[in-house]
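Engineer: To get the working numbering, take the position in the sequence shown, counting from 1, and add 10.
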Amino acid sequence: MKVYKYGDYYFSGVSHVVPGYFQDVVFVYKNGNNWTSISAERFRTNDSNLNLIKEKIKYATHEDDLVKAVNELRKIGITIEEVNKPPFPEKLLEGKKKIQAEFD
(Lines of atoms letter the chains of each structure in order from A and count residues from 1; the text may use other names and numbers.)
(Lines give C-alpha, C1' and ligand atoms only; values in the text may rest on other atoms or scores of the structure.)
Protein backbone atom coordinates (compact mmCIF):
# COMPACT_ATOMS: atom_id res chain seq x y z
CA MET A 1 0.00 0.00 0.00
CA LYS A 2 1.36 3.39 -0.98
CA VAL A 3 1.42 6.25 1.50
CA TYR A 4 2.03 9.80 0.30
CA LYS A 5 3.05 12.92 2.20
CA TYR A 6 2.38 16.59 1.64
CA GLY A 7 3.73 18.86 4.37
CA ASP A 8 2.64 17.38 7.71
CA TYR A 9 -0.19 15.40 6.15
CA TYR A 10 -0.14 11.83 4.90
CA PHE A 11 -2.72 10.25 2.64
CA SER A 12 -3.42 6.76 1.42
CA GLY A 13 -6.12 4.39 0.34
CA VAL A 14 -7.80 2.05 2.81
CA SER A 15 -7.69 -1.47 1.39
CA HIS A 16 -10.89 -3.18 0.35
CA VAL A 17 -11.49 -6.92 0.63
CA VAL A 18 -11.00 -6.99 -3.16
CA PRO A 19 -7.23 -6.63 -3.79
CA GLY A 20 -6.18 -3.35 -5.41
CA TYR A 21 -9.40 -1.53 -4.53
CA PHE A 22 -10.07 1.00 -1.78
CA GLN A 23 -12.88 1.30 0.75
CA ASP A 24 -11.89 4.90 1.28
CA VAL A 25 -9.05 7.39 0.93
CA VAL A 26 -7.90 9.00 4.18
CA PHE A 27 -5.69 11.81 5.44
CA VAL A 28 -3.57 11.04 8.50
CA TYR A 29 -2.04 13.82 10.58
CA LYS A 30 -0.73 14.49 14.05
CA ASN A 31 -3.22 16.24 16.33
CA GLY A 32 -1.32 17.10 19.51
CA ASN A 33 0.32 13.82 20.53
CA ASN A 34 -2.14 11.59 18.69
CA TRP A 35 -2.40 10.51 15.06
CA THR A 36 -5.78 11.21 13.51
CA SER A 37 -7.27 9.59 10.43
CA ILE A 38 -10.13 11.23 8.51
CA SER A 39 -11.84 10.38 5.25
CA ALA A 40 -10.72 12.62 2.40
CA GLU A 41 -14.38 13.39 1.69
CA ARG A 42 -14.80 14.91 5.18
CA PHE A 43 -11.35 16.53 5.44
CA ARG A 44 -11.40 20.34 5.77
CA THR A 45 -8.47 22.73 5.40
CA ASN A 46 -7.65 26.32 4.48
CA ASP A 47 -4.52 25.25 2.56
CA SER A 48 -5.26 25.61 -1.16
CA ASN A 49 -2.80 22.87 -2.20
CA LEU A 50 -4.27 20.44 0.34
CA ASN A 51 -7.72 21.25 -1.04
CA LEU A 52 -6.48 20.45 -4.55
CA ILE A 53 -5.06 17.16 -3.29
CA LYS A 54 -8.32 16.35 -1.53
CA GLU A 55 -10.40 17.05 -4.63
CA LYS A 56 -8.17 14.83 -6.79
CA ILE A 57 -7.99 11.84 -4.44
CA LYS A 58 -11.26 11.70 -2.51
CA TYR A 59 -13.09 9.48 -5.00
CA ALA A 60 -10.18 7.16 -5.86
CA THR A 61 -11.47 3.58 -5.81
CA HIS A 62 -8.39 1.76 -7.11
CA GLU A 63 -4.63 2.00 -6.49
CA ASP A 64 -4.17 3.23 -10.07
CA ASP A 65 -6.62 6.11 -9.47
CA LEU A 66 -4.51 7.35 -6.57
CA VAL A 67 -1.22 7.04 -8.49
CA LYS A 68 -2.74 8.92 -11.44
CA ALA A 69 -4.05 11.70 -9.16
CA VAL A 70 -0.65 12.09 -7.47
CA ASN A 71 1.11 12.27 -10.85
CA GLU A 72 -1.34 14.95 -12.04
CA LEU A 73 -0.78 16.97 -8.85
CA ARG A 74 3.00 16.72 -9.25
CA LYS A 75 2.70 18.00 -12.84
CA ILE A 76 1.05 21.21 -11.61
CA GLY A 77 3.89 21.76 -9.13
CA ILE A 78 2.65 20.27 -5.85
CA THR A 79 5.46 18.47 -4.03
CA ILE A 80 4.23 15.07 -2.87
CA GLU A 81 6.55 12.42 -1.42
CA GLU A 82 5.99 8.69 -1.35
CA VAL A 83 6.67 7.35 2.15
CA ASN A 84 7.96 3.80 2.67
CA LYS A 85 7.71 3.70 6.46
CA PRO A 86 4.95 5.97 7.74
CA PRO A 87 5.50 7.30 11.30
CA PHE A 88 1.94 6.48 12.36
CA PRO A 89 0.36 3.12 13.30
CA GLU A 90 -0.66 1.22 10.16
CA LYS A 91 -3.95 0.26 11.82
CA LEU A 92 -5.12 3.76 10.82
CA LEU A 93 -5.12 2.51 7.22
CA GLU A 94 -6.88 -0.77 7.86
CA GLY A 95 -10.39 -1.14 6.57
CA LYS A 96 -13.30 -2.78 8.26
CA LYS A 97 -13.64 -6.16 6.64
CA LYS A 98 -17.29 -7.00 6.25
CA ILE A 99 -18.33 -10.55 5.66
CA GLN A 100 -21.84 -11.00 4.46
CA ALA A 101 -23.44 -14.32 5.28
CA GLU A 102 -25.35 -15.98 2.51
CA PHE A 103 -28.78 -17.35 3.25
CA ASP A 104 -30.61 -19.82 1.03
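The beta-carbon is built from N, C-alpha and C at its ideal position, and this holds for glycine as well.
All figures in this text were calculated on a predicted structure; none of them were measured in a lab.
On a Cα-Cα basis, can you pick out the residue from Trp45, Ser22, Ile86 that is closest to Ile67?
Structural biologist: Answer by Cα proximity: Ser22.
Engineer: Taking Cβ to Cβ, would you say Tyr16 is nearer than 8 Å to Asn59?
Structural biologist: Yes, these two residues count as a Cβ contact at 8 Å.
Engineer: On a Cα-Cα basis, can you pick out the residue from Gly30, Tyr14, Met11 that is closest to Thr71?
Structural biologist: The shortest C-alpha separation from Thr71 is found at Gly30.
Engineer: Put Lys40 into one of helix, strand or coil per three-state DSSP.
Structural biologist: Looking at Lys40 - three-state DSSP - the assignment turns out to be strand.
Engineer: Helix, strand or coil for Glu51? Go by DSSP, reduced to three states.
Structural biologist: Of the three classes helix, strand and coil, the one that applies to Glu51 here is coil, per DSSP.
Engineer: Looking only at its chain, what residues have a beta carbon closer than 8 Å to the beta carbon of Glu100, apart from the 5 residues adjacent to it on each side?
Structural biologist: If we look at Glu100 and ignore the five residues flanking it on each side, it has no Cβ neighbours.
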